[in-house]
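Structure first, commentary second.
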Amino acid sequence: MTEIATPDNDVAAPAPREIVYRHRVVTRVTHWVNALCFTLLLMSGLQILNAHPALYWGQFGADNDTAFIEFFAARPDGRDGELKGFTRVGPVTFETTGLFGVSNDSDGDVRVIAMPGWATIPTNRDLATGRRWHFFFAWLFVINGAVAVGASVLNGHLRRDLLPEKRELRPRHILGDIWNHARLRLPKGDEAKRYNVLQKVSYLGVGLLLLMMIMTGLTMSPGINASAPWMLDLFGGRQSARTIHFLAASATVAFVVVHLAMVLLAGPINEIRSMITGRFVVPPENKS
Amino acid sequence: MTRKLLTRRSFLHVGTTAAIAGVGYAGYRAMSAPGFLGVLESAEYATLNAQRALLSGQPLAREFSPSDMSPVFKANGTTMPGGVVYQEFLANNFSSWRLRVDGLVANPMSLSMAELKRAPQRTQITRHDCVEGWSAIGKWTGVPLGHILEQAQLAPNARYVVFHCLDDVYEDSGRYYESVDLFDAFHPQTILAHSMNDQALPVAHGAPLRLRVERQLGYKHAKYLTRIEVVDSYKNVAQGNGGFWEDRGYEWYAGI
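Below, the structure written as structure tokens:
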């Protein structure tokens with residue numbers, strides 16, 4: 079096998095492939111454990127949300143109190159009209175039939191439920207099992223996160239790779255980076271070996287979102303409330319914490335969408351391989 | 010040229026992709042297996058042990074002021090128990106109702122409402138958290154459970170307090186029941202409440218007597234109490250998981 083030419087030799091102008099060791103093993107392992115945990119926490123979390131799909135501000139909140147966000151079903155055209163799903167955020171109501179409020183189950187039957195079955199663990203309505211998944215993977219998520227943060231501080235990943243340098247925080251530099259991203263001009267050559275400032279801010283930001291989710295999750299626990307009542311004051315009450323928990327999860331989903339889009343744009347095989355084996359082929363500088 | 014179809018590099022790519030798919034599929038199969046739920050359930054013991062360490066000083070749940078109270082306190086679960094026994098109590102305004110205290114105690118008791126109200130009382134405005142996610146704040150008055158247990162004199166092997174209720178949650182479901190361990194049973198805010206928001210406990214909220222165990226979720230707060238049984242283990246009660254919802258998959262420790 080080794081005698082056979084690699085595909086690179088087929089390329090007309092064979093530039094030397096520069097391969098760098100981009101991610102340490104602790105970064106790679108904690109990245110994938112984190113990805114698994116977040117996916118399962120999100121899906122089991124949506125199962126838990128289905129039990130009471132309304133989010134409030136303050137210390138309390140139930141059926142008779144005004145919700146900030148709610149997912150519901152209604153027949154806007156009267157009793158014999160079609161059943162439709164709606165999402166209300168503050169004063170604005172959207173029709174979300176098929177996704178939130180009303181959706182089809184795997185048999186195609188219309189179902190009145192906040193979150194669709196394909197997005198929840200388990201697929202059917204099952205709060206007890208959803209909670210089992212959520213709290214098991216919450217523990218794994220917290221332990222994995224502690225290892226990732228601890229290692230990043232100790233091995234210099236945080237200081238060297240993640241914290242922006244002073245020159246990177248100049249508005250001119252940030253605007254330039256935004257302009258390059260907007261034109262989908264991704265870094266090449268030496269610039270691709272390190273994170274750009276938007277990457278740094280995004281990775282640190284999602285870290286803060288994940289920390290916020292752990293904290294707001296704990297603030298929903300009546301046991302933790304008794305041992306750390308300051309957390310209730312920090313977030314403005316248990317129901318506020320529950321709402322922030324949902325918003326932080328939503329923001330993390332938005333991060334994941336952009337993150338995956340950037341992986342696709344930057345070359346998915348090279349990027350994904352670098353997070354599995356650690357080896358990253360540096361994209362060559364454009365000759366033009 | 011044809012030999013180049015399977016170069017070393019593409020072989021590695023195919024191999025890696027296949028390996029990831031294989032691990033993913035094996036993981037999916039393992040997580041779908043019935044034994045996996047048992048693995049997930051182990052998290053409950055981690056949570057119990059962690060919270061018990063944090064709560065070792067027996068801190069109180071937050072108490073609120075009257076202005077913080079919910080305008081409407083949602084009633085959940087049974088709101089009107091069926092059955093002849095409860096309807097008879099309701100007809101005579103619970104004058105024939107009594108609370109039995111038995112099991113692993115030296116001094117079994119049968120207490121009337123008047124006797125419960127003559128015991129030391131505690132009033133607290135606390136937040137009630139349903140496992141579904143909603144919360145309501147209300148005011149509760151009742152007898153600390155610890156006082157009743159001291160009167161009953163626990164046997165040395167007493168470990169849990171089982172609360173037997175008068176309601177079936179649905180037809181043929183069997184009676185509601187719950188249990189707590191002595192750590193929560195002797196907490197100062199764990200009370201047997203006969204009053205809510207300065208009124209006699211409404212039927213929808215568990216008349217004539219319900220449990221308040223403030224550092225746990227709502228399903229632990231058993232309503233329509235009829236008997237308190239002290240045991241060394243709850244394995245022999247109903248389906249053996251320590252409560253009505255516990256028998257249906259929910260955690261026995263509901264501190265989160």
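As given, the protein sequences belong to chains A and B, one line each in that order. Taken in order, the first sequence gives residues 79 to 366; the numbers are from our numbering. Taken in order, the second sequence gives residues 10 to 265; the numbers are from our numbering. We treat Cβ as the ideally placed atom computed from N, Cα and C, and that holds for glycine.
Give a yes or no on whether 9 Å exceeds the smallest Cβ distance from Val89 of chain A to chain B.
As a first step, residue 89 of chain A must be located in the first sequence, where it is residue number 11. Unreliable placement is indicated for Val89 of chain A, whose pLDDT of 49 sits below 50; no coordinate value is reported for it.
Using 9 Å as the limit for Cβ to Cβ distance, is Gly345 of chain A near chain B?
Position 267 of the first sequence, counted from the first residue, corresponds to residue 345 of chain A. Chain B contact via Cβ: absent.
Could you list the residues in the stretch 302-314 of chain A with a C-beta less than 8 Å from some C-beta on chain B, going in chain order?
So the list reads Ile302, Asn303, Ala304, Ser305, Ala306, Pro307 and Leu310, given in the order they occur along the chain.
Is any beta-carbon of chain B found at less than 9 Å from that of Ile354 of chain A?
Here residue 354 of chain A refers to the residue found at position 276 of the first sequence. It does; some Cβ of chain B falls within 9 Å.
Could you please give the first and the last residue of the uninterrupted alpha helix (DSSP H) stretch that includes Ala304 of chain A?
On the first sequence, residue 304 of chain A is found 226 positions in, with the first residue counted as 1. Pro300 to Ser305 is the span of the alpha helix (DSSP H), which, as asked, contains Ala304 of chain A.
Excluding sequence positions up to five away, which residues of its chain have a Cβ less than 6 Å from the Cβ of Phe150 of chain A?
Start at 1 with the first residue of the first sequence, and residue 150 of chain A comes out as number 72. Excluding sequence neighbours, Phe150 of chain A sits near Phe164 and Gly179.
When you compare the CB of Met298 of chain A with every CB in chain B, is at least one pair closer than 9 Å?
Residue numbering aside, residue 298 of chain A sits at position 220 when the first sequence is read from its first letter. Output row for Met298 of chain A: interface = yes.
Please name the residue in B:Lys229, B:Gly252, B:Asp77 and B:Asn116 whose C-alpha comes closest to that of Gly183 of chain B.
What you label residue 183 of chain B is simply residue 174 of the second sequence in a count that begins at 1. Per the Cα distances, B:Gly252.
Counting only Cβ pairs nearer than 9 Å, list the residues of chain B close to Thr207 of chain A.
Here residue 207 of chain A is taken as the residue at index 129 of the first sequence, counted from 1. Near Thr207 of chain A (Cβ distances below 9 Å), the residues of chain B are Leu46, Leu49 and Gly258.
Within the same chain, show all residues whose beta-carbon is closer than 7 Å to that of Ile252 of chain A, passing over the 5 residues directly before and after it, in chain order.
Here the question's residue 252 of chain A lines up with position 174 in the first sequence. Here the set comprises Val275.
Given Ser242 of chain B, which residues of its chain have a CB within under 6 Å of its CB, disregarding the five upstream and five downstream residues?
Your numbering for residue 242 of chain B matches position 233 in the second sequence. Nothing listed; no residue qualifies.
In chain A, which residues lie with their C-beta within 9 Å of the C-beta of Pro80 of chain B?
Locating residue 80 of chain B in the second sequence gives position 71, counting from the first residue. Result: Asn142 and Asp143.
Could you pull the start and end residues of the beta strand (DSSP E) that Asp187 of chain A belongs to?
By one-based count along the first sequence, residue 187 of chain A stands at place 109. Neither: Asp187 of chain A is in no beta strand (DSSP E) and is coded neither H nor E.
Comparing the C-beta of Ser366 of chain A with each C-beta of chain B, is any distance below 9 Å?
For the purposes of this step, residue 366 of chain A is identified with residue 288 of the first sequence, where counting begins at 1. The predicted model places Ser366 of chain A with a pLDDT of 47, which falls under 50 and marks its position as unreliable, so this point remains unresolved.
From the beta carbon of Glu223 of chain B, is the nearest beta carbon of chain A less than 9 Å away?
For the purposes of this step, residue 223 of chain B is identified with residue 214 of the second sequence, where counting begins at 1. Glu223 of chain B counts as touching chain A.
Note down, one range per segment and in chain order, each beta strand (DSSP E) of at least 3 residues found wholly within the stretch 118-160 of chain B.
Correct list: 118-120, 131-138 and 144-153.
Which one or two residues does DSSP pair with His173 of chain B in a beta bridge?
If you number the second sequence from 1, residue 173 of chain B lands on position 164. In the DSSP output, where bridge partners are listed per residue, His173 of chain B has B:Tyr186 and B:Arg236.
State the DSSP-derived secondary structure class of Ala202 of chain B, mapped to helix, strand or coil.
Taking the second sequence and counting its residues from 1, the one referred to as residue 202 of chain B is at position 193. Strand, per DSSP.
So, are the CB atoms of Thr235 of chain B and His156 of chain B less than 9 Å apart?
The sequence position of residue 235 of chain B within the second sequence is 226, counting from 1. The sequence position of residue 156 of chain B within the second sequence is 147, counting from 1. Contact: no.
Is there a C-beta anywhere in chain A that falls below 9 Å from the one on Glu187 of chain B?
Numbered from its first residue, the second sequence carries residue 187 of chain B at position 178. Answer no: the Cβ-Cβ gap between Glu187 of chain B and chain A never drops below 9 Å.
Taking 9 Å as the cut-off, decide whether the C-beta atoms of Leu125 of chain B and His214 of chain B are in contact.
Counted from its first residue, the second sequence places residue 125 of chain B at position 116. Counted from its first residue, the second sequence places residue 214 of chain B at position 205. No, these two residues do not count as a Cβ contact at 9 Å.
Counting only the same chain and skipping the five closest in sequence on each side, list residues whose C-beta sits under 6 Å from that of Ser122 of chain A.
Position 44 of the first sequence, counted from the first residue, corresponds to residue 122 of chain A. Only Ile199, Gly208, Trp211 and His212 meet the Cβ criterion.
Once DSSP output is grouped into helix, strand and coil, what is the label at Asp300 of chain B?
Since the first and last residues shown for chain B are 10 and 265, residue 300 of chain B lies out of range.
From the beta carbon of Arg38 of chain B, is the nearest beta carbon of chain A less than 9 Å away?
Within the second sequence, residue 38 of chain B is the residue found at index 29, counting from 1. No, Arg38 of chain B lies away from the interface with chain A (no Cβ there is under 9 Å from its Cβ).
Give a yes or no on whether the C-beta atoms belonging to Ala263 of chain B and Leu226 of chain B are separated by under 9 Å.
Taking the second sequence and counting its residues from 1, one reaches residue 263 of chain B at position 254. Taking the second sequence and counting its residues from 1, one reaches residue 226 of chain B at position 217. Cβ atoms of Ala263 of chain B and Leu226 of chain B: closer than 9 Å.
Measure the alpha-carbon distance for Ala247 of chain B versus Glu255 of chain B and round it to whole angstroms.
On the second sequence, residue 247 of chain B is found 238 positions in, with the first residue counted as 1. On the second sequence, residue 255 of chain B is found 246 positions in, with the first residue counted as 1. Using only the alpha carbons, I get a separation of about 10 Å.
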